[in-house]
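>
Numbering (the numbering used here), first residue to last: 18 to 124.
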């Protein structure tokens, strides 16, 4: 059984700028590269992904991780939301990196 946490409206470092459609546009036009979340995704080839969707789904990954949901179940959840398994894994890894840095947490 897949456990899914509800998306919580959280502001902060992971929010994309209003004019950015993709991660690449956001990182190249703002200071988003300072965030471990966005820099991981950008540096690892996920720049084509929609910044707003990834921001929301990064928060979902964070809430689920904090609730103790295993990463494979979060991967399945993100795949159900339209990502490939590799993209889902990238979002999960980026969220974990941001949480470990504590400088720019996702949630």
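C-beta: ideal position from N, C-alpha, C; glycine also.
Just so you know, these numbers come straight off a predicted model, no measurement behind them.
May I ask you to list the residues that DSSP assigns as paired with residue 39?
According to DSSP, residue 39 bridges with 67.
> What did DSSP end up calling residue 24 once you bin it into helix, strand or coil?
Any reading at residue 24 must be qualified, since the residue scores a pLDDT of 36, below 50, and its modelled position is unreliable; no value is offered.
> May I ask you to report which of helix, strand or coil DSSP gives residue 100?
DSSP places residue 100 in coil when its eight states are reduced to three.
> Where residue 66 and residue 84 are concerned, what is the direct C-alpha to C-alpha distance, given to the nearest angstrom?
Whole-angstrom Cα-Cα distance: 26 Å.
> Below 8 Å on the Cβ atoms is my contact criterion, and I expect residue 68 with residue 92 to pass it. Report the Cβ-Cβ distance as a whole number of Å.
That pair is no contact at about 20 Å.
> With burial defined as no fewer than 16 other Cβ atoms inside 10 Å of the residue's Cβ, what is the status of residue 63: buried or exposed?
Its Cβ being crowded by 16 or more others within 10 Å, residue 63 is buried.
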